[in-house]
Amino acid sequence: MSHDATAQFNPLDPHGHHDHDHEGHIVVDWKILLGILMALLFFTLLTVSAANFEKWIAAEFDVVIPNWVNVMVAMSIATVKATLVCAFFMQLFYDKFLNTVIMLFCLLALGLFLGFSALDLGGRGRVNDFIAAPIVLGGNSETAGMQSVLGSVPNKKTNLLTQIEFAKQTYIEEHGQEAWDQHNAELEAKHGHHGSHPVSDANRSIPTHGITPDLYSTTEPNHDGHTSHDDPAHDEDDGH
Amino acid sequence: MSTINAHHTPGAKPMRWETYKHEHHWRTAADEFDAAKLGMWLFLTTEVLLFGGIFCAYAIFRMMYPEAFTNGSSYLDWRIGLINTIVLLISSFTVAMSVRCAQLNQQFWLKANLIITLICAALFVVIKLTFEYIPKLSQGKAPGTWFSYPYAHHPEEPIWWGIYYAGTGIHALHVFIGAGLLIWVLVRSFKGIYGPKNYTMVETSGLYWHLVDLVWIFLFPLLYLIH
Chain E
2 MSHDATAQFN PLDPHGHHDH DHEGHIVVDW KILLGILMAL LFFTLLTVSA
52 ANFEKWIAAE FDVVIPNWVN VMVAMSIATV KATLVCAFFM QLFYDKFLNT
102 VIMLFCLLAL GLFLGFSALD LGGRGRVNDF IAAPIVLGGN SETAGMQSVL
152 GSVPNKKTNL LTQIEFAKQT YIEEHGQEAW DQHNAELEAK HGHHGSHPVS
202 DANRSIPTHG ITPDLYSTTE PNHDGHTSHD DPAHDEDDGH
Chain A
1036 MSTINAHHTP GAKPMRWETY KHEHHWRTAA DEFDAAKLGM WLFLTTEVLL
1086 FGGIFCAYAI FRMMYPEAFT NGSSYLDWRI GLINTIVLLI SSFTVAMSVR
1136 CAQLNQQFWL KANLIITLIC AALFVVIKLT FEYIPKLSQG KAPGTWFSYP
1186 YAHHPEEPIW WGIYYAGTGI HALHVFIGAG LLIWVLVRSF KGIYGPKNYT
1236 MVETSGLYWH LVDLVWIFLF PLLYLIH
């Protein structure tokens, strides 16, 4: 609120004598307050009527309005009512804008809180599909929920093969073993090292040194001779 | 829209609001008032987030067990909720009016509006206890482990009652706290403390009471109307 320009700070008389200290503050007209009360009562009756109408139309005419419509109507009316209370009864409409900003930030925090909770709970079904899918090193795209999430992704059935193995088998089925051998030989000749490196997989990025003994020994594919042997624990495993 | 104009009646003994001095660390009484109001709004945001937790729990359990919530909602009489909504809306109006009366030095109507508000608060609690809490608890419609209602249909109905009592119970606690604040304001208004130069406490207590109303505005449809 703006104050009269004469209300300057006087260090010698900090209390001062300002008879019109509150002069800038608005006194809300009682007609406006009464009007807001009437509007609030009207919206209350409206939301009750909407809920009862929905029950009645379902019972009499067997017309079932979807639940989310019911929720949206009730919450929209409640939001309108809350806005009226905040703006006029709580005087945010006439007040310093800072108070409104504070409330809006609070509502933003509330929105994040409710929104992310809903996102989490609403997404559980999809996440469960991913979790339930069989685990194959490197992934096999056979994840059940993949289709519904990404839409156009081909829903390949790899029969638990890795994707690269599945791609190889598919190629051989279509073009024959000779075509694959021939092309593979060309690639070997060109690059020299093609195929001589171990297949990379996610487990190889896990550090195999750690304070917990045998932490990775069940998943570490260290029988194929590709693993580094600088970990004495694994050397013992290889000795079996 | 009028603005405040504080008149001194010549010769009469000044009322306490007329001699009100703001605390010395404020430049003006208006600064003091604005800061108090800002602080109240900051406090109200924490209140909103407190009830936000309850609303979030409501949303999660409703998404998980929609049938239990449909059953639970059908145990509540929307007419009782409607009456309590109207009672709270009227009390919110009278609190807003009491702020106006303090600003305009209408001492009688300041007290009258506060008393009407307190009557509404008592009415709300009495209706809540008489028609909801006491009959429901005596039937065994109690939250969580206290649940003993023998005619329930859905295994998660005790959770519905947990949400119901947590939401309405914490709201009722706020009704008591708000009423306590307003009783304090009423007592002080009998001493002539509030007037055009000093109505900060009327306004901030009023803001708290409006929050009670705001929460009920959302609790009412969520508990009574959505099915």
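Same order as they appear, the protein sequences are chains E and A.
So the number in this note's numbering is just where the residue sits in the first sequence, counting from 1, plus 1.
So the number in this note's numbering is just where the residue sits in the second sequence, counting from 1, plus 1035.
Glycine is no exception: its CB is placed at the ideal position from the N, C-alpha and C atoms.
All figures in this text were calculated on a predicted structure; none of them were measured in a lab.
Only those residues of the segment 75–92 of chain E whose C-beta falls short of 9 Å from the nearest C-beta of chain A are listed: A75, M76, I78, A79, T80, K82, A83, V86, C87, F89, F90, M91, Q92.
Residue burial annotation: E/V64 is exposed, with fewer than 16 other C-beta atoms found within 10 angstroms of its C-beta.
Within chain E, the residues whose beta carbon sits less than 9 Å from that of A/L1139 are V28, listed in sequence order. When DSSP states are grouped into helix, strand and coil, E/N68 belongs to the helix group. Under the Cβ distance rule, A/T1120 counts among the residues neighbouring chain E, one pair being separated by less than 8 Å.
For E/S118, the chain A residues whose Cβ falls inside 8 Å of its Cβ are C1091, A1094, I1095, in order along the chain. Around the Cβ of E/K82, a 10 Å sphere holds 16 or more other Cβ atoms; the residue is buried. Within the segment 159–183 of chain E, the alpha helix (DSSP H) runs of at least 4 residues that lie entirely inside it are, in chain order, 164–176. Distance between E/L120 and A/L1079, taken at the CA atoms: about 27 Å. Check the Cα spacing between A/E1053 and each of A/V1247, A/A1137, A/E1067: the tightest is with A/A1137. Of all residues in the segment 1096–1113 of chain A, those with a C-beta nearer than 7 Å to a C-beta of chain E are M1098, W1113, reading in chain order.
Among the CB atoms of chain E, one or more fall inside 8 Å of the CB of A/H1245.
E/V86 and A/Y1199 have their C-alpha atoms spaced approximately 24 Å apart. Neighbourhood of E/N129 in chain A, by CB distance below 8 Å: empty, with the nearest CB roughly 14 Å away. Residue contact check for E/N160 against chain A: no CB pair falls below 8 Å. The C-alpha of A/H1188 is placed about 13 Å away from the C-alpha of A/S1108. Contact with chain E is absent for A/T1054, since none of that chain's Cβ atoms lies less than 8 Å from the residue's Cβ.
At a Cβ-Cβ threshold of 8 Å, A/L1216 and A/Y1184 do not count as neighbours. For the segment 1215–1259 of chain A, the continuous alpha helix (DSSP H) assignments of 4+ residues that do not extend past its boundaries occur at 1235–1255, in sequence order.
A/A1094 and A/M1132 have their C-alpha atoms spaced approximately 35 Å apart. For E/L38, the closest C-alpha among the options E/V28, E/S50, E/V74, E/F89 is that of E/F89. In this model, E/G123 and E/L108 are separated by some 21 Å (Cα to Cα). E/V28 sits in a strand when the DSSP states are folded into three classes. Neighbours of E/A52 across chain A, judged by C-beta separation under 9 Å: W1113, P1256, Y1259, L1260, I1261, H1262. Taking a contact to require three or more Cβ pairs closer than 8 Å, the segment 1087–1105 of chain A and the segment 45–62 of chain E do not qualify as touching. Cβ-Cβ distances below 6 Å link A/N1233 to W1052, Y1055 in the same chain, with the five nearest sequence neighbours on each side left out; the list follows chain order. One thing to note: A/E1191 has its Cβ no nearer than 8 Å to the Cβ of A/Y1110.
The criterion of a C-beta distance shorter than 8 Å is not satisfied by A/E1238 and A/V1083. Annotated as distal: E/T101 and E/L111, with beta-carbon spacing of 8 Å or more. Here the segment 1111–1124 of chain A does not lie against the segment 1142–1151 of chain A, with fewer than 3 beta-carbon pairs under 8 Å apart.
When only Cα atoms are considered, A/L1257 and E/I58 end up about 20 Å apart. Residues of the same chain with a CB within less than 8 Å of the CB of A/K1072, apart from the 5 flanking positions on each side, are T1235, E1238, T1239, L1242 in chain order.
Per the coordinates, the alpha-carbon of A/W1076 lies some 11 Å from the alpha-carbon of E/K97. A/V1161 is positioned such that its CB atom lies no closer than 8 Å to that of A/H1209. Contact of E/I66 with chain A is not assigned, every C-beta pair being separated by 8 Å or more. Residue-level contact check: E/V70 does not touch chain A, since none of the beta carbons of chain A fall below 8 Å from its beta carbon.
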